[in-house]
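> Take this structure first; my questions come after.
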Amino acid sequence: MTWEKSNEEYQNTVSTFPFTLRNGDSFPNNMSDDGGKSTLYAEGWGQDQAYFYWECSTERYILDNHQTDSAGTQEALNDLRKMTETNWYKTYIEDPDNNFVNDVITPAGLGDVSMLQEFYQSDCIWYRKINNIN
């Protein structure tokens, strides 16, 4: 699909997004066009952009607050768990062994945020760019 159609999918997704952004973040009006507006996008790409933006906002909250806000961190981790139960996750993310929960979320809940930090560094480039975070 065109960037415009994929962006429409993104905008529809953020307009009814089931989770709350953290850190005072808000969804960008449009999805990234780093691939170029002439690129063709797969169905679901717009949804991916919305969910990954939210996931990055949530991961940043956990990384910034896990030592000072245990209740907020647990709530954020619970939201990440709920994300793995969404139709979007089940449709577009290949995780048959539930590795994201077992290897990232559960250890973070026990204080080991190292894998979460790795995911944030590798998957959140657009989020960090939008929010001017290095």
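The sequence shown begins at 1 in UniProt numbering and counts up one residue at a time. All C-beta atoms, glycine included, are put in the ideal place defined by N, C-alpha and C. In this text the structure is predicted, and so the values were computed from the model without any measurement.
(1) With a 10 Å radius around its C-beta and 16 neighbouring C-beta atoms as the bar for buried, classify A71 as buried or exposed.
(2) Are the beta-carbon atoms of Q49 and Y92 separated by less than 8 Å?
(3) Are Y127 and S57 touching if we call contact CB-CB under 8 Å?
(4) Going by DSSP in three states, C56 sits in which element: helix, strand or coil?
(5) Could you check whether Y61 and A76 sit closer than 8 Å to each other, using their CB atoms as the reference points?
(6) Have a look at N87, Q117, M31 and D95 and flag the residue whose alpha-carbon is nearest the alpha-carbon of D64.
(7) Are the CB atoms of M83 and F19 nearer to each other than 8 Å?
(8) If we ignore side chains and look at the alpha-carbon of each, how far apart do L110 and S38 end up?
(9) Does the distance from the CB of S6 to the CB of W45 come in under 8 Å?
(10) Does DSSP put F119 in a helix, in a strand, or in coil?
(11) Can you tell me where the alpha helix (DSSP H) holding R81 begins and where it ends?
The relevant details are as follows:
(1) Its Cβ having fewer than 16 others within 10 Å, A71 is exposed.
(2) The criterion of a C-beta distance shorter than 8 Å is not satisfied by Q49 and Y92.
(3) A contact, by the Cβ cut-off of 8 Å.
(4) In the three-state DSSP reduction, C56 falls in the helix class (H, G or I).
(5) Result yes, Cβ atoms of A76 and Y61 sit closer than 8 Å.
(6) Looking from the CA of D64, the closest CA among N87, Q117, M31 and D95 belongs to Q117.
(7) Yes, the pair counts as a contact, with Cβ atoms nearer than the cut-off.
(8) Their backbone Cα atoms lie some 45 Å apart in a straight line.
(9) Going by beta carbons, S6 and W45 fall inside the 8 Å limit.
(10) Helix.
(11) Run containing R81: S70 to M83, per the alpha helix (DSSP H) assignment.
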